[in-house]
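Chains as they are written, first to last, in our numbering: chain H, 1 to 256; chain S, 1001 to 1311; chain D, 2001 to 2404. Idealized CB from N, CA, C, for every residue including glycine. Worksheet: one structure, shown below.
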Amino acid sequence: MTTLLLSVQNINKRFGGLQALSEVGLQIAPGQIYGLIGPNGAGKTTFFNVITGLYTPDSGTFILDGKPYQPTAVHEVAKAGIARTFQNIRLFGDMTALENVMVGRHVRTKAGIFAAVFRTASVKREEAEIEDMAHDLLEYVGIGQYAHYTARNLSYGHQRRLEIARALATEPKLLALDEPAAGMNATEKVELRALLDKVRQDGRTILLIEHDVKLVMGLCDRMTVLDYGKVIAQGLPQDVQNDPAVIEAYLGTPAH
Amino acid sequence: MDIFIQQVVNGLVLGCIYALIALGYTMVYGILGIINFAHGDVLMVGALTALSAILGLQYLFPGMPQWLMLVVATLIAMPVCAYLSYGIERVAYRPLRNAPRLAPLITAIGISIILQTLAMIIWSRNPLIFPTLLPSSPIDIFDTGAVITGKEIVIIVLSFVVMVGLLLLVNRTKLGRAMRATAESPRIASLMGVNPNFVISATFMIGAALAAVAGVMMATNYGNAHFYMGFIPGLKAFTAAVLGGIGNLAGAMIGGILLGLIEALGAGYIGDFTNDIFGSNYQDVFAFIVLIVVLVFRPSGIMGERVADRA
Amino acid sequence: MTNPSEVSATASKAAAANASGATAANSPSLAPVNKKWLAIAGFVAIALLAPFIAQTFGGNYWVRILDFALLYIMLALGLNIVVGFAGLLDLGYIAFYAVGAYLMALLSSPHLTTQFAELAQLFPGGMHLGFWWVLLIAGPVAALFGVLLGAPTLKLRGDYLAIVTLGFGEIIRIFLNNLDRPVNITNGPKGINAIDPVVFFGIDLSRPQELLGVALSPGLMYYYLIMVLVIGVVIISLRLQRSRIGRAWVAIREDETAAKAMGINTRNVKLLAFAMGATFGGISGVVFGAFQAFVSPESFVLWESIYVLAIVVLGGMGHIPGVILGGILLVGFQEFLRELAEPVQKMLFGQVYIDAEVLRQLLFGLALVVVMLYRPSGIWPAPRREDRPVTRTRSHTSRLEGGA
Chain H
1 MTTLLLSVQN INKRFGGLQA LSEVGLQIAP GQIYGLIGPN GAGKTTFFNV
51 ITGLYTPDSG TFILDGKPYQ PTAVHEVAKA GIARTFQNIR LFGDMTALEN
101 VMVGRHVRTK AGIFAAVFRT ASVKREEAEI EDMAHDLLEY VGIGQYAHYT
151 ARNLSYGHQR RLEIARALAT EPKLLALDEP AAGMNATEKV ELRALLDKVR
201 QDGRTILLIE HDVKLVMGLC DRMTVLDYGK VIAQGLPQDV QNDPAVIEAY
251 LGTPAH
Chain S
1001 MDIFIQQVVN GLVLGCIYAL IALGYTMVYG ILGIINFAHG DVLMVGALTA
1051 LSAILGLQYL FPGMPQWLML VVATLIAMPV CAYLSYGIER VAYRPLRNAP
1101 RLAPLITAIG ISIILQTLAM IIWSRNPLIF PTLLPSSPID IFDTGAVITG
1151 KEIVIIVLSF VVMVGLLLLV NRTKLGRAMR ATAESPRIAS LMGVNPNFVI
1201 SATFMIGAAL AAVAGVMMAT NYGNAHFYMG FIPGLKAFTA AVLGGIGNLA
1251 GAMIGGILLG LIEALGAGYI GDFTNDIFGS NYQDVFAFIV LIVVLVFRPS
1301 GIMGERVADR A
Chain D
2001 MTNPSEVSAT ASKAAAANAS GATAANSPSL APVNKKWLAI AGFVAIALLA
2051 PFIAQTFGGN YWVRILDFAL LYIMLALGLN IVVGFAGLLD LGYIAFYAVG
2101 AYLMALLSSP HLTTQFAELA QLFPGGMHLG FWWVLLIAGP VAALFGVLLG
2151 APTLKLRGDY LAIVTLGFGE IIRIFLNNLD RPVNITNGPK GINAIDPVVF
2201 FGIDLSRPQE LLGVALSPGL MYYYLIMVLV IGVVIISLRL QRSRIGRAWV
2251 AIREDETAAK AMGINTRNVK LLAFAMGATF GGISGVVFGA FQAFVSPESF
2301 VLWESIYVLA IVVLGGMGHI PGVILGGILL VGFQEFLREL AEPVQKMLFG
2351 QVYIDAEVLR QLLFGLALVV VMLYRPSGIW PAPRREDRPV TRTRSHTSRL
2401 EGGA
């Protein structure tokens, strides 16, 4: 019925002696929040890195928005429509929050070096648009008044939101968040959840790696659980939650 | 085949010298991840110190056998260089351990300039004659038509002795174990009770001592010493270290000898290959071309790089 | 329920934000904004009058010093794009200076036509393309060299990048030094002389001229020419800094992986940095060739690359006014030392222990070490941004569904 936004199948990735991912696949429908969970070392970030072009898989197919998708060069990924955040926040520390988000606009704008040097009217217009949109995005994620703060001076929670704003600036089809709630306290998590809900309501699709099971259960429409590089469960949150294989992976013993 | 053997001999001598210098670079890079830009100039200080020592010995003990003078002079130059290198690390590198990568590189360049100008002031701006204390009359090598001199034989043999000594040090002693551990992961090593600063200082000092020996060899081989004698050989030796695999001791040795051979054979044959368009005056270019080719096509070098995991 | 002390606190914060020039339109106090423009105006005035002052008090020698200072500043601004903006440590930058200088030398001097009879036939009057044409050609040619020399370095880490660029610089110098055999292209270590001077609307800048009764020496005229070019370079640098490409450069400098993840083609953007820096270097070289009327490989040794890098790093990496200051300080200090080093030593010690030249190098090395240890961002780095909250009036409706 709905065309899938992202369909990934048979991903395999080996690092030397370690099979980091084996036959991993998942399917994300547009407008969903899709969760990817699993114990530490299960391969979640590896999977992320594969779909965002940082690692080349040994095998596997991707279909993004109905078209085959070959994530070879990292920078082409954003162009194709997948924007990501990083587990350990990779902002441009010396730039302001505003400038960070403006960099996010790079992939959808086109002023090159000659344009920069001659600064024609259309270039000035594009710059104004970039700046306006960056301000809008900062307000959207709730840190509008910190636009001129140096990124590394922001609080941890604000930095995470800034990273999301920056990713949104690329106008992604799929927003891929790698543990966005890591290190957040309970209040911040509630705010993050509200933000992600808002993003989903505005029509975006989100792929989410998270450790906080409660957050993920309440938020996600569908989930995949990885363990030791393999998919051990897939489906609706409540089904996954009660899946014995999942429980065993997390707790180690079968639940009674 | 006419000049081949000769160029191989020349290359071997050159290569041994490069190997000794390359070891210093590779050890420092293996632990700290920085290029000790001033290393070549430490070599220069070693050569000039040895020269002064020789002149002093000639004045004080004119009857001393020449080879002994050379040995004593080298033994004087080695600790001088070791402490110099220790000082450089303390002053220019240690405070910048956490600074962006540009900073220690700039200070290293600064130190290099300081050493060169101090050498100009203390010794001279002009090349100084380094006395020939080893036999330098050519010895025919069987029927090949190539010749080798006594001093070249000494250089080759001594280099191998030193290299073996270093390998023994690194593989069989406690300090060597500590060095290897720190080179793999300074943090874990320190958890095992190794003092990384001590190991780093020791690494600089050992590398400098080797450079001093290399400096004396260079000065003996070419018959002169001057303030700029260390810089270009230093760069080439760094190329050799990369060629062999940075951080890898055996790699530095092999890379050094290999680079020496490439340079000597290249300089010898380039005229033939290019119909005399390019002559041996392009010799220095070889090392740079090797560097670029290695870094572009096989950056981990021949034997693989070993750099500390400083996560 | 707002608290009265909160209200007054926010009010005074707003007033402070206004006063510092954020919205200068209807604020009562304009003092800080005025001060800045006053300083700039003063600086420009001094810059315009400098050669006359130098000529009066020091003669032609000092005017030429100013000319070289401007050339170094232009070089440093070019290198600033590569090192300061994009964070690419180039230790072989002087190669582009050499490209420009030798282009001028080859295309606008008697050398090639004396060496090659075929060319002499093609150009019966000699090859005298002239400064302006060479300037036009030098930009793209230097940019091409920038791309060629930059391309192999794209995947290299900082230290390796430095060494490889150093190697390229040396390779170019060695070629320039040796391309006099078997065909004499560059005339080797002897260099090429009798290079055509700049001719501006019929006025030969290498001959003394007179304008409205004022005597204009060649040094003086070249000063204004170079200054115009420097101003052009400054304007272009400022525009680049605040552009999409400029932001991409800083992004790469800060975190290359994140930059790639945001869709920046880091390979192309880095090559653009090399090309742009090389263009400025090449243009400076053309001016140098015309100005000095003589080029030789001696002018393009590694030391020069290090010198230009020092201007950028010591002056203030990535900060255009800092780089200009760095150029003025380094060249000024060098000349100052040259003038005084020996007389002062004679005065204090009775004899000269250290040559001025050697002393200058020694202090230069010390300066590099000391500045890196104590002021690693340079003498005049980019000013720390004030972290102030933003109050922004929306100029149009938000493009995002739902708004904020």
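Under 8 angstroms between C-beta atoms of residue i and residue j
| i | j | result |
| --- | --- | --- |
| residue 1192 of chain S | residue 1209 of chain S | no |
| residue 1046 of chain S | residue 1211 of chain S | yes |
| residue 2310 of chain D | residue 2338 of chain D | no |
| residue 2378 of chain D | residue 2302 of chain D | no |
| residue 2347 of chain D | residue 2226 of chain D | no |
| residue 1184 of chain S | residue 1248 of chain S | no |
| residue 1054 of chain S | residue 1131 of chain S | yes |
| residue 1252 of chain S | residue 1019 of chain S | yes |
| residue 2047 of chain D | residue 2327 of chain D | no |
| residue 1231 of chain S | residue 1124 of chain S | no |
| residue 151 of chain H | residue 92 of chain H | yes |
Proximal residues of chain H, C-beta to C-beta of residue i below 7 angstroms
| i | result |
| --- | --- |
| residue 2124 of chain D | By Cβ distance, chain H contributes nothing, its closest Cβ being about 38 angstroms from residue 2124 of chain D, past 7 angstroms. |
| residue 2417 of chain D | Any property of residue 2417 of chain D remains undetermined from this structure, which presents chain D solely from 2001 to 2404. |
| residue 2276 of chain D | 113 |
Nearest-angstrom Cβ-Cβ length linking residue i and residue j, presumed shorter than 8 angstroms
| i | j | result |
| --- | --- | --- |
| residue 2097 of chain D | residue 2300 of chain D | 6 angstroms |
| residue 1007 of chain S | residue 1256 of chain S | Residue 1007 of chain S to residue 1256 of chain S, Cβ: 16 angstroms. No contact. |
| residue 141 of chain H | residue 165 of chain H | 5 angstroms |
| residue 181 of chain H | residue 146 of chain H | Between residue 146 of chain H and residue 181 of chain H the Cβ distance is about 20 angstroms, and since that is not below 8 angstroms, they are no contact. |
| residue 2381 of chain D | residue 2316 of chain D | 5 angstroms |
| residue 227 of chain H | residue 57 of chain H | So it is not a contact: roughly 19 angstroms between Cβ atoms. |
| residue 208 of chain H | residue 35 of chain H | 5 angstroms |
Within chain H, partners of residue i - CB distance below 8 angstroms
| i | result |
| --- | --- |
| residue 2240 of chain D | 113, 116, 117 |
Chain-ordered chain S contacts of residue i [CB-CB under 9 angstroms]
| i | result |
| --- | --- |
| residue 2170 of chain D | 1232, 1235, 1284, 1285, 1288 |
| residue 2265 of chain D | Going along chain S, no residue has its Cβ under 9 angstroms from residue 2265 of chain D, so there is no contact; the nearest lies around 19 angstroms. |
| residue 2090 of chain D | Per Cβ cutoff of 9 angstroms: no residues; residue 2090 of chain D is ~11 angstroms from chain S at best. |
Closer than 9 angstroms at the beta carbon, the chain D residues around residue i
| i | result |
| --- | --- |
| residue 1044 of chain S | Neighbours of residue 1044 of chain S on chain D: none; closest Cβ ~14 angstroms, over 9 angstroms. |
| residue 257 of chain H | Residue numbering for chain H in the displayed model covers 1 to 256; residue 257 of chain H lies beyond these limits and cannot be assessed. |
| residue 1110 of chain S | 2310, 2364, 2365, 2366, 2367, 2368, 2369, 2370, 2371, 2372 |
Neighbouring residues, chain S, relative to residue i (Cβ below 7 angstroms)
| i | result |
| --- | --- |
| residue 2164 of chain D | 1291, 1292, 1295 |
Within chain D, the residues that residue i reaches when beta carbons sit closer than 8 angstroms
| i | result |
| --- | --- |
| residue 84 of chain H | 2261 |
| residue 1107 of chain S | 2368, 2369, 2372, 2373 |
| residue 1118 of chain S | 2362 |
| residue 87 of chain H | The premise fails here: residue 87 of chain H is roughly 12 angstroms from chain D at the closest Cβ pair, so nothing lies under 8 angstroms. |
Listed by chain order, chain S residues near residue i by CB distance under 8 angstroms
| i | result |
| --- | --- |
| residue 2152 of chain D | 1292, 1295, 1296 |
Partners in chain H for residue i, counting only beta-carbon separations shorter than 9 angstroms
| i | result |
| --- | --- |
| residue 2272 of chain D | 112, 113 |
| residue 2246 of chain D | 116 |
Beta-carbon neighbours of residue i, restricted to chain D and to distances below 7 angstroms
| i | result |
| --- | --- |
| residue 90 of chain H | 2255, 2257, 2258 |
| residue 134 of chain H | In chain order: nothing, as chain D lies at least about 11 angstroms away. |
Query raised in the report: Relative to chain S, which residues along the region 2352 to 2382 of chain D have a C-beta separation below 7 angstroms, given in chain order?
Result: 2354, 2358, 2361, 2362, 2364, 2365, 2366, 2368, 2369, 2372, 2373, 2376
Query - Residues of the region 98 to 113 of chain H whose Cβ lies closer than 9 angstroms to any Cβ of chain D, in chain order - result: 98, 99, 100, 102, 103, 104, 105, 106, 107, 108, 109, 110, 111, 112, 113
Report task. For the region 2079 to 2134 of chain D, list the alpha helix (DSSP H) runs that are entirely contained and at least 4 residues long, ordered along the chain. Result -> 2094 to 2107, 2111 to 2115, 2117 to 2122
**Report entry** Contacting positions in the region 2248 to 2262 of chain D - beta carbon closer than 7 angstroms to chain H
**Finding:** 2248, 2250, 2251, 2254, 2255, 2257, 2258, 2260, 2261, 2262
Query - Residues of the region 166 to 195 of chain H whose Cβ lies closer than 9 angstroms to any Cβ of chain D, in chain order - result: 166, 167, 168, 169, 170
Query raised in the report: Mind listing which residues of the region 2308 to 2324 of chain D have their C-beta closer than 7 angstroms to chain S's C-betas, in chain order?
Result: 2313
Query raised in the report: Closer than 8 angstroms, Cβ to any Cβ of chain D: which residues of the region 24 to 43 of chain H, in chain order?
Result: none
Query - chain D contacts from the region 1021 to 1034 of chain S (Cβ-Cβ distance under 7 angstroms) - result: 1034
Requested in this report: Just list the beta strand (DSSP E) runs in the region 65 to 118 of chain H, keeping only unbroken ones of 3 residues or longer that don't cross its boundaries, in chain order.
Outcome: 82 to 84
Query - Contained beta strand (DSSP E) runs [length at least 3] in the region 205 to 237 of chain H, N- to C-terminal order - result: 205 to 209, 222 to 227, 230 to 235
Query raised in the report: What residues in the region 1238 to 1255 of chain S bring their beta carbon closer than 7 angstroms to a beta carbon of chain D?
Result: 1238
Report task. Quick one: which residues of the region 47 to 79 of chain H get their C-beta closer than 9 angstroms to a C-beta of chain D? List them in chain order. Result -> 52, 53, 54, 73, 74, 75, 76, 77, 78, 79
Query - Residue ranges of each beta strand (DSSP E) within the region 2208 to 2264 of chain D, 3 or longer - result: 2209 to 2211, 2214 to 2216
Requested in this report: Enumerate, from N- to C-terminal direction, the unbroken alpha helix (DSSP H) stretches of 4 or more residues contained entirely within the region 2129 to 2188 of chain D.
Outcome: 2131 to 2150, 2158 to 2178
Query raised in the report: Using a Cβ cut-off of 9 angstroms, which residues of the region 2327 to 2343 of chain D contact any Cβ in chain H, in chain order?
Result: none
Query raised in the report: Going along the chain, which residues of the region 1086 to 1105 of chain S sit with their C-beta nearer than 9 angstroms to a C-beta in chain D?
Result: 1091, 1092, 1095, 1096, 1099, 1100, 1101, 1102, 1103, 1104, 1105
Report task. Mind checking the region 2214 to 2239 of chain D against chain H and listing, in chain order, the residues whose C-beta falls within less than 8 angstroms of any C-beta there? Result -> 2236, 2239
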